[in-house]
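Quick note, the sequences are listed as chains A, B, C and D, same order. If you read the first sequence in our numbering, its first letter stands for residue -3, the second for the next number, and so on. If you read the second sequence in our numbering, its first letter stands for residue -3, the second for the next number, and so on. If you read the third sequence in our numbering, its first letter stands for residue -3, the second for the next number, and so on. If you read the fourth sequence in our numbering, its first letter stands for residue -3, the second for the next number, and so on.
Number of protein chains: 4
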Amino acid sequence: MHKKLKLGMIGGGKSAFVGAIHRIAARMDNEYELVCGVFNRKPKYSSLTGKELGLDQTRIYGSYQELFEKEKQLPEAERMEVVAIVTPNHVHAEPAILAMQNGFHVIMDKPISLDLAEAFQIRKVAELTESLFCLTHTYTGYPLVKEARDIIKTGKLGAIRKIYVEYPQGWLSTPLELTGNKQARWRSDPKRSGKGGALGDIGTHAFNLAEFVTGLAVTHICADVNKVVNGRVLDDDASVLLKFSNGASGLLSSTQVAAGEENNISIRVYGENGGICWQQNDANSLILKWKDRPTEILRAGNNMSYLSPNTLHNCRTPAGHPEGYLEAFANHYRNFALAVKARQRGIKPHFEWTDYPGIEDGVRGMAFIETAVRSGKSKEKWLKLRVDN
Amino acid sequence: MHKKLKLGMIGGGKSAFVGAIHRIAARMDNEYELVCGVFNRKPKYSSLTGKELGLDQTRIYGSYQELFEKEKQLPEAERMEVVAIVTPNHVHAEPAILAMQNGFHVIMDKPISLDLAEAFQIRKVAELTESLFCLTHTYTGYPLVKEARDIIKTGKLGAIRKIYVEYPQGWLSTPLELTGNKQARWRSDPKRSGKGGALGDIGTHAFNLAEFVTGLAVTHICADVNKVVNGRVLDDDASVLLKFSNGASGLLSSTQVAAGEENNISIRVYGENGGICWQQNDANSLILKWKDRPTEILRAGNNMSYLSPNTLHNCRTPAGHPEGYLEAFANHYRNFALAVKARQRGIKPHFEWTDYPGIEDGVRGMAFIETAVRSGKSKEKWLKLRVDN
Amino acid sequence: MHKKLKLGMIGGGKSAFVGAIHRIAARMDNEYELVCGVFNRKPKYSSLTGKELGLDQTRIYGSYQELFEKEKQLPEAERMEVVAIVTPNHVHAEPAILAMQNGFHVIMDKPISLDLAEAFQIRKVAELTESLFCLTHTYTGYPLVKEARDIIKTGKLGAIRKIYVEYPQGWLSTPLELTGNKQARWRSDPKRSGKGGALGDIGTHAFNLAEFVTGLAVTHICADVNKVVNGRVLDDDASVLLKFSNGASGLLSSTQVAAGEENNISIRVYGENGGICWQQNDANSLILKWKDRPTEILRAGNNMSYLSPNTLHNCRTPAGHPEGYLEAFANHYRNFALAVKARQRGIKPHFEWTDYPGIEDGVRGMAFIETAVRSGKSKEKWLKLRVDN
Amino acid sequence: MHKKLKLGMIGGGKSAFVGAIHRIAARMDNEYELVCGVFNRKPKYSSLTGKELGLDQTRIYGSYQELFEKEKQLPEAERMEVVAIVTPNHVHAEPAILAMQNGFHVIMDKPISLDLAEAFQIRKVAELTESLFCLTHTYTGYPLVKEARDIIKTGKLGAIRKIYVEYPQGWLSTPLELTGNKQARWRSDPKRSGKGGALGDIGTHAFNLAEFVTGLAVTHICADVNKVVNGRVLDDDASVLLKFSNGASGLLSSTQVAAGEENNISIRVYGENGGICWQQNDANSLILKWKDRPTEILRAGNNMSYLSPNTLHNCRTPAGHPEGYLEAFANHYRNFALAVKARQRGIKPHFEWTDYPGIEDGVRGMAFIETAVRSGKSKEKWLKLRVDN
């Protein structure tokens, strides 16, 4: 008999972008049932969203404290099992910690926290409570991003030498935060977003993608960090030189002032024998360039025998039936559900089930933001990326 | 308070491709709840799928007759409201007619029936019972396919002169039906598939796409119909010359023996002033070519102000967060739900809600199959496409 | 010591498109020196062009008859050796025949003549005089078009089953011939263009490309031939179903009313094991799609070891230094020069040197035009392509 | 009467890559006639190449000193007017200076010299002698690169904010210089190449492209300079952060160890209103992305009315007849010829005729190489790009 995990949500009211995305992702594979939530700081708005989602009125709460309190008291068969936290960054650490201390597994929108210190705290609590934790770095949920990682892991490209990762957006080309736009407002406000603007919002995605695909750790960075739009308090543009643990060098670009760009995050990795290129705008293709033979295009699809088993596990349709952003997001949700259920059943999870981003990705992401911001102001060329507590 | 429609399903057992697609589409936008079904002719397999889907054991049925019988007797608050029929073509007409006669609205996988006569019967019953009916021609669910139609409707391209529509696949390049492949087996068996092989399976999609985007009706066809793979009983390849109601000419190609092709259905339409090109492999881009100014690329996204309101209604994410096949499919499900709910509330539906393929598409599709097959054997050049009962 | 062939030209005055192309092609590889010509029917204009080209005044002639007469009398060391005929179609056969009868080798712009009968005459004279003859079907001069042919010849794709060839243009979307446009005027005038409009101008290119790449002969055709623009006398659009000698089927489209299209001729050929795709807009890439492994992209370049020797012979630059239309054109000129010089030296030419289109291509092209035009008016479905004299 | 300029060449023997390119470029538009040269340090090889090119034996020289000496003594009607210097970098300054001092105009392959000091000397002599000087930075010869510059100059994009320029190659992924490869050998030898490896060979192209297209000057750089392949003496990879004169920031990447890459130099420039993207692999398209309306694709072609007059001047064919690398190269040759002829006639040249790269580009390129190499070794973050003598 199929069991759906009972999901609660913190944040994600009507005007929020990412709340709706999380809910679609949760529904996609029939692994979750949304049973409760607090969708807005104001009870009235929380209630409104909850009703629109068809929730039982008694399980639409006014605060996350109340949510945890009340849900804990429900019989196990009804009680929330996983909570998704989709609030602005300054409301990440506290509810996450409280959730884990109350016995709930956590799905959290990135970046993991307001600052590195908070990230360390989350990590500590997760270790103590043995909670499961998923950080929704969407892009590593794409099947062919996983395939890129798998191919590099096999050594087919040889030693990795050069990494290019880019995340260009244009939506903050104007001072949108001065208009009524809520998305722009909290993202450009240090109190709610943290030390990084674009660096936190999208730079961390790019950083995470680079480390995920290569299996390498960034050790040093040299960042050119800019506030391009007049009056902006946080960065809206950065170019970052990277050094990796194996001596490879890299280049990370994240900008929200590339007017006309949408959201075409991309990565290119070159090794001794060839290179691998992926971009979200053509998410179902993975380009393999070789030193001495024709370029190859690998294609996503659950019928493509040449893909790794893990990649196939993350495809729902045959090749040529394009899957996209929502499916990538949903892959994290599905895999996390499989991991949670394995935990509940006391069985050892397959690798596929554990293949979602977690706290360590979050900690490293926060270290990246803080070091990049520091580098932007420094006259010293290379700063070490420190992730020690 | 949000109301989900109670959905039943006929067909769509474990080994079926399209059943899972329908279920994801139904879940995507939280407009349906799967409450019952008969998933296989064999009760044992039906039950297995039903359990995996988490259905109440009492609502997993052994036949569609039983399904209708039992569901009809349930209290209205529990009773199935819409049934999705996702069986091979020979099990389309009968359950659809029975469903409508028993008061259920119908979602049907294409093509609508085994032959044109059946399609006429379905149409008749739908008219008599005033049932709502959605035929899942996936590709018209894509936002930018709707945009293409909307642009052409405005007359920006001028009078339409030339239409190219192609649906290339390669998966039947070998006699796959002689292996255990169930998908290949029923599709290449006239008893289950009807008179058309590739023509029915994908040719009808191409035909539907051409008529949908242009707003024109095909009046005459001249078809080259082939059985390329040795021993195949039904066509696996066809090229069809088309004449449209306004005098425009066209070219339709549907093949399942283009080895190496996946599923890249595409359409190009040229008018006096320019052309419009869309292909599924780049589904979130719509190319507009102009006689005398730069080519334009329109992009899908719920934040793209230049798109028509109807197109925006069919986007879930901002530009650059690619939506794909499952979302296109889900658009039909969502719009149909909105139409059904409007009917239930007795209100006049917005245009957006009624923008899903229906019986007339089905009837014309069957006429296309039959005329094309006939043309393939004829020495006469042009055959009229007759859709009269 | 390098020897340049002494080239004369008939046609190609200032307002002519293709004359300048021929001259660039002739210069590109240093194999020709333009020594004489008659560039316009009106001596004044002929003289003007000749001067601009820096020709010796005494070798700018008033008619092609005079050209042959005078050149023949010059000492062999000065005398024209090859003549390029770049006039409208009605001035093809006569000068070509006269040229060969006077001992000159001929480069001719396509199509070869005004009608099939003339083509037969040219063929006869060429055989009698043992003249060399090059017909500038540009597109088979592209390195990767040759590679496509070479790959198919090896049998890697298996038996060929399906061919798609398209030649879309939009420049005749309006009645341009009614304005002062000379290119449009002669092309749409049966007296100067022959029986085919777009069929002759670009359809023959598509037809030639299909036969060249596949190595197969078209045996039957069924054509939908249209005069889309009001008042046009010759076809400006055609879609043609094809049957090939090995039983394969195909689809040829040639149109000059696809508003917004430039000149993106393309071909796709599918065999049992995979397909091959080439389009002029991405001329330096050749896509190989395979039934059961990743798609490959072959790239032009004289440093690409995986290309055939013949393909490499037709590349001037390393990969990534794009060559285009002029270089493709020049490949015919260069190869023809190598063939002429081999003939002059009495040595057997390498295959590479003889790899340019010739009279047989011309004859088949004329047969294609005439049969297609006839088919366009016929109620019979399939017409045989007859090339017998 | 058309006048061809009499061209001499220094370097460009059989095994040289770029000599043949220069010669094709010189021939393309009938503006030059190669009359003399010294093609190799060894007279025997110089003579061999000269003969193959069909040169008069008496004008194939053994040294550039001899070349200038002898040519100067010839009557003006025969004498060389322009000399093309296509030798390795260490043989740039001396022959260039000698040429100008002897009254010859100079075409020089990039980079202009072995070091910045030499570049200053060349500049000084050019000023004193009033010689014309063309530096063949190929990529600014592409029509659509000129169009990009022209569009930015109009202010359509608003103030420029961000520049990305990349030049990826893979051919030095292995220690090719240790094999017999001559191209690799001199390029990786500081005595012949100068302080920069990839930086000099391709980084200067990227740098030049960025300054050309934006009309801005780079003021500061911060470079990560790498020797990736073991044992390599000069850089084979660099990533460079850039600051521009107007406060814009940029990112330049040049690498020769991106295994699998060919030569796809590209540039993206973003301003307040939109961005402009061009890449050599699709050289005939220019992408314009806009903040608030559809992306546009501008296409090269001498019939595209929306292009600037200067762009049209640099197109030979109608849109859809792709021109490439050789044509871009030839544009510099042609424009330089027009400028030289204007000088000879004592008339003021049109802007189009002077639109080729010159000494100032060369000086700035040398400053870029030297500053980047210095930055690569520095702990200081930003170094000023100094171009003062």
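Every residue, glycine too, gets a C-beta built ideally from N, C-alpha and C.
- Closer than 8 Å at the C-beta level to chain A, one finds these residues of the region 278 to 304 of chain C: Leu284, Asp288, Arg289, Pro290, Thr291, Glu292, Ile293, Leu294, Arg295, Ser301, Tyr302.
- If you look at Trp182 of chain B, you'll find it in the alpha helix (DSSP H) that goes 178 to 183.
- Counting C-beta pairs closer than 8 Å gives fewer than three between the region 174 to 189 of chain B and the region 328 to 348 of chain B, which falls short of the contact rule.
- By the neighbour-count definition (other C-beta atoms within 10 Å, threshold 16), Thr54 of chain A is an exposed residue.
- Positions of the alpha helix (DSSP H) runs, each at least 4 residues long and wholly inside the region 174 to 261 of chain C, are given as 178 to 183, 186 to 189, 200 to 210 in order along the chain.
- The beta-carbon of Gly316 of chain D is placed less than 9 Å from the nearest beta-carbon of chain C.
- When the beta-carbon positions are compared, Leu3 of chain B and Ala80 of chain B come within less than 9 Å of each other.
- For Leu322 of chain B, the closest C-alpha among the options B:Thr215, B:Leu238, B:Ala279, B:Ile343 is that of B:Ala279.
- Checking the DSSP bridge columns, you'll see Tyr266 of chain C partnered with C:Lys158, C:Gly271.
- A residue is called buried once 16 or more other Cβ atoms fall within 10 Å of its Cβ, and Phe64 of chain D is buried on that count.
- The residues Asn298, in chain order, have a CB closer than 7 Å to that of Leu308 of chain D in the same chain once the five nearest residues on each side in sequence are set aside.
- Interface with chain D (9 Å Cβ-Cβ cutoff): Lys377 of chain A is included.
- Across the structure, Leu153 of chain A and Tyr352 of chain A are spaced so that their CA atoms are roughly 24 Å apart.
- When the beta-carbon positions are compared, Gly192 of chain C and Asp231 of chain C come within less than 9 Å of each other.
- A straight-line Cα-Cα distance of about 11 Å links Leu30 of chain A and His18 of chain A.
- Between Pro305 of chain D and Glu356 of chain D, the C-beta spacing is not below 9 Å.
- DSSP, reduced to helix, strand and coil, places Tyr138 of chain C outside both helices and strands of the structure shown, so it counts as coil.
- Not a single CB atom of chain B sits nearer than 9 Å to the CB of Leu205 of chain C.
- Around the beta carbon of Gly50 of chain C, a 10 Å sphere encloses fewer than 16 other beta carbons of the protein chains shown; the residue is thus reported as exposed.
- Closest option to Ala21 of chain C, judged by alpha-carbon separation, among C:Gly361, C:Glu366, C:His328, C:Ser371: C:His328.
- Nearest C-alpha to Pro84 of chain D among D:Asn36, D:Lys337, D:Glu126: D:Asn36.
- Straight across, the Cα-Cα distance linking Pro290 of chain C with Lys285 of chain B is about 31 Å.
- For the beta strand (DSSP E) assignment, the uninterrupted runs of no fewer than 3 residues enclosed by the region 27 to 86 of chain D are, from N- to C-terminal side, 28 to 34, 78 to 81.
- Under the DSSP assignment, Met300 of chain C falls outside any alpha helix (DSSP H); it carries neither an H nor an E label.
- Within chain A, the C-beta atoms nearer than 9 Å to that of Cys218 of chain D come from Cys218, Asp220, Leu237, Lys377, in chain order.
- Identification of chain D residues near Asn242 of chain A by a Cβ-Cβ cut-off of 9 Å yields none; the smallest Cβ-Cβ distance measures about 12 Å.
- Assignment of Ile6 of chain D by DSSP, reduced to helix, strand and coil, places it in the strand class.
- CA-CA distance, Ala326 of chain B to Pro164 of chain B, rounds to 23 Å.
- As far as DSSP is concerned, Ser109 of chain A takes part in no beta bridge.
- Listed as beta-bridge partners of Glu292 of chain C by DSSP are A:Glu292, C:Leu284.
- Residue contact with chain D for Asp231 of chain A: absent (no Cβ-Cβ distance below 9 Å to any residue of chain D).
- Just measuring C-alpha positions, the residue of D:Phe100, D:Leu237, D:Gln275 sitting nearest Arg339 of chain D is D:Phe100.
- Using a Cβ distance threshold of 9 Å, Lys377 of chain D and Val224 of chain A do not count as a contacting pair.
- For Arg157 of chain C, the chain B residues whose Cβ falls inside 7 Å of its Cβ are Val224, Val253, in order along the chain.
- Under the DSSP assignment, Leu334 of chain C falls in the alpha helix (DSSP H) whose first and last residues are 321 to 341.
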